[in-house]
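*Asks:* Sharing a structure here in structure tokens format.
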């Protein structure tokens, strides 16, 4: 992890292959915190639960969707989540319940309650469909934006309570 820092808020987005949803969430969240002038408060990354796509670039559908909003994924390659990530991150965020199941298989336990689905932070908790199967990158983009906004709002509320 290049810029990991324990003094920042560290977020790991996770999906099955780390080529569609989790990198989309990673780069949307990076864009959001940059626009809020809060980038220095965060370390944001993404990973896979499976080994199938390790080393592969972001899926062209995700790249194209993000490019429409001026967001680049250049240099991103799929990596796999490890048990050690639990100690490195404050939030480990899956896209769907199956991701959570696989994350828990890797982690073993979640004593600090760091693991959750992205849309669990919003008013309408649900899974985010995998566009690798659905081909619907528009819906995935909307769901991830909704979830990232809700997560940022949650973090802001928690941070203000801890001051």
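Residue numbers (UniProt numbering): 1 to 163. Note that the Cβ used here is the ideal one computed from N, Cα and C, for glycine as well.
1. I'd like to know whether the C-beta atoms of residue 99 and residue 151 end up nearer to each other than 8 angstroms.
2. Return yes when the Cβ of residue 62 is within less than 8 angstroms of the Cβ of residue 73, no when it is not.
3. Locate the alpha helix (DSSP H) running through residue 107, then write down its first and last residues.
4. Span of the alpha helix (DSSP H) holding residue 86?
5. Specify whether the segment 117-129 and the segment 46-60 touch according to this definition: at least 3 beta carbon pairs, one from each stretch, less than 8 angstroms apart.
6. Counting only the same chain and skipping the five closest in sequence on each side, list residues whose C-beta sits under 8 angstroms from that of residue 104.
7. What are the uninterrupted segments assigned as beta strand (DSSP E) that are 3 or more residues long and contained completely in the UniProt domain "Phosphotyrosine protein phosphatase I" (9-154), given in chain order?
8. Would you grab the beta carbon distance between residue 133 and residue 24 for me? Rounded to a whole angstrom, and I think it's under 8 angstroms.
*Replies:* Let me spell this out:
1. Within the chain shown, numbered from 1, the residue matching residue 99 stands at position 99. Within the chain shown, numbered from 1, the residue matching residue 151 stands at position 151. No. Outside cutoff.
2. As a position in the chain shown, residue 73 is number 73, starting the count at 1. As a position in the chain shown, residue 62 is number 62, starting the count at 1. Contact: yes.
3. The count along the chain shown starts at 1 and reaches residue 107 at position 107. 97-107 is the span of the alpha helix (DSSP H), which, as asked, contains residue 107.
4. Stepping through the chain shown from its first residue, residue 86 is reached at position 86. Residue 86 -> alpha helix (DSSP H) spans 85-88.
5. No contact exists between the segment 117-129 and the segment 46-60.
6. Working through the chain shown from its first residue, we reach residue 104 at position 104. Excluding residues within five positions, the ones whose Cβ falls inside 8 angstroms are 110, 115.
7. 9-15, 42-48, 91-94, 115-117
8. The residue given as residue 133 occupies position 133 in the chain shown. The residue given as residue 24 occupies position 24 in the chain shown. With a Cβ gap of about 15 angstroms, residue 133 and residue 24 do not count as contacting.
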